[in-house]
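Below is one structure; the comments refer to it alone.
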Amino acid sequence: MEIDLSSETILVTGGVGRIGMSVSTLLLEVGATVVISDINEKKLADFEHQMSVNFKNKIYAIPADITNKTNIVELIGKAFDVAGPITGAVHCAYPTSQGWGEAFDSLEEKFLKQDLGDQLGGVILFSQQILDHFLQHSGGKLVHISSIQGVSAPKFHHYDDTQMNSPIEYSAIKTGVIAITRWLAKKYSNKNIRVNCVSPGGVLDNQPEAFIQEYRRSCSNIGLLDSSQISPSIIFLLSNYAEAINGQNIIVDDGWSL
Numbered sequence: 171m172e173i174d175l176s177s178e179t180i181l182v183t184g185g186v187g188r189i190g191m192s193v194s195t196l197l198l199e200v201g202a203t204v205v206i207s208d209i210n211e212k213k214l215a216d217f218e219h220q221m222s223v224n225f226k227n228k229i230y231a232i233p234a235d236i237t238n239k240t241n242i243v244e245l246i247g248k249a250f251d252v253a254g255p256i257t258g259a260v261h262c263a264y265p266t267s268q269g270w271g272e273a274f275d276s277l278e279e280k281f282l283k284q285d286l287g288d289q290l291g292g293v294i295l296f297s298q299q300i301l302d303h304f305l306q307h308s309g310g311k312l313v314h315i316s317s318i319q320g321v322s323a324p325k326f327h328h329y330d331d332t333q334m335n336s337p338i339e340y341s342a343i344k345t346g347v348i349a350i351t352r353w354l355a356k357k358y359s360n361k362n363i364r365v366n367c368v369s370p371g372g373v374l375d376n377q378p379e380a381f382i383q384e385y386r387r388s389c390s391n392i393g394l395l396d397s398s399q400i401s402p403s404i405i406f407l408l409s410n411y412a413e414a415i416n417g418q419n420i421i422v423d424d425g426w427s428l
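Start counting the sequence shown at 171; every next residue gets the next number (our numbering).
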């Protein structure tokens, strides 16, 4: 089975995050035209320049604040102007407040509300606008990014002897993303639109060795993942091989959630 997305134009939000860059790179490798967006303008421009060496006229970078509806509308309009109708989208954007990651008993109300609003609100607002675009252009595919924390309770012992924690708002947000995915898939049925979700396990990112080892014990073969091990599932959901998959949450976690 070989996936060919040469006829597809895919918009990736959070395009210079770990998963965003990985999925954008793989999309280019399977032939897609890719529009990447992120609030980090310098990193976005650098990534576009880097990828343009091998994929000239196949990647376009458009800075945007995905928590702002006006910016989302402008982003989709600009993407259409430079690349034509968008046929698929991957929503990787992950905006966080200054208070993100605080311990449960230290949570501040203003930061809690900001994170819930920006992340869940951002998912809803982006979905609203991109699905409207799909309706105007004969359909499309939308993939959201949730997490194993949206499926299972944290394994709190993994965080023993580290400065890390598993924020309650993260679990709430990622559970919400899965619910939003199902709601949208049902709402937009019979319109040539598919909405699915991928829930990755933990991604290796300079975590303490104690955490890495504890996490590994809960997995089957790998432990913490590289983002390149998550991207293929996203590409699959954007392809015609997934035409019968809608409203589903695909868990990619090396057995962590078993």
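Every residue gets a Cβ at the ideal spot worked out from N, C-alpha and C, and that includes glycine.
So, for residue i: in the same chain, excluding its five sequence neighbours on each side, which residues have a beta-carbon less than 6 Å away from its beta-carbon?
i    : result
I318 : S369, G371, D423, W426, S427
N210 : V186
D288 : T237, P265
S194 : V182, G185, V204, I206
S341 : Q319
D331 : A380
Whole angstroms is fine: what's the gap from residue i's alpha carbon to residue j's?
i    : j    : result
H307 : D235 : 24 Å
P255 : T179 : 7 Å
N391 : K311 : 31 Å
K357 : L198 : 31 Å
P233 : D208 : 5 Å
L305 : G247 : 14 Å
S267 : Q418 : 29 Å
N335 : G269 : 13 Å
I420 : E413 : 14 Å
I343 : Q284 : 12 Å
A355 : T345 : 16 Å
I363 : Q333 : 43 Å
A259 : L301 : 10 Å
A323 : K226 : 44 Å
L286 : Q299 : 19 Å
F326 : N376 : 19 Å
Going by DSSP, what residue range makes up the alpha helix (DSSP H) through residue i?
i    : result
L407 : 401–408
Y340 : 338–357
A231 : Element bounds for A231: not the alpha helix (DSSP H) but the beta strand (DSSP E), 229–231.
H307 : It is not in any alpha helix (DSSP H) - H307 carries neither H nor E in the DSSP assignment.
A215 : 211–222
D331 : From DSSP, D331 is part of no alpha helix (DSSP H); its letter is neither H nor E.
G247 : 239–253
Q383 : 379–387
Under three-state DSSP, which class holds residue i?
i    : result
G258 : strand
N366 : strand
G201 : coil
G190 : helix
N360 : coil
V293 : helix
L312 : strand
L395 : strand
I206 : strand
Considering only residues of the same chain and omitting the five flanking positions on each side of residue i, which have a CB-CB separation below 7 Å?
i    : result
I338 : F274
G292 : I236, T237, A263, P265
R386 : G393
L175 : L197, V200, G201, A202, L408, S409
I229 : L198, V204, I206, E218, M221, S222
K213 : V186
Taking the beta strand (DSSP E) that residue i belongs to, which residues open and close that run?
i    : result
T179 : 179–183
I421 : 419–422
Ignore the nearest five residues each way along the sequence and tell me which others in residue i's own chain have a CB closer than 8 Å to its CB.
i    : result
V373 : R188, I189, L394, L395, D396, S397, I400
Y411 : M171, I173
F250 : I256, H303
N241 : A234, D235
G271 : N335, P337
Are there three or more Cβ pairs, one per stretch, closer than 8 Å when the stretch 175–189 is compared with the stretch 201–218?
-> yes
The stretch 313–331 touching the stretch 355–369, judged by at least three CB pairs closer than 8 Å | yes
With contact counted as at least three CB pairs below 8 Å, one residue from each stretch, are the stretch 401–414 and the stretch 346–362 in contact?
-> no
Would you check if there are 3 or more beta carbon pairs closer than 8 Å linking the stretch 277–291 to the stretch 374–382?
-> no
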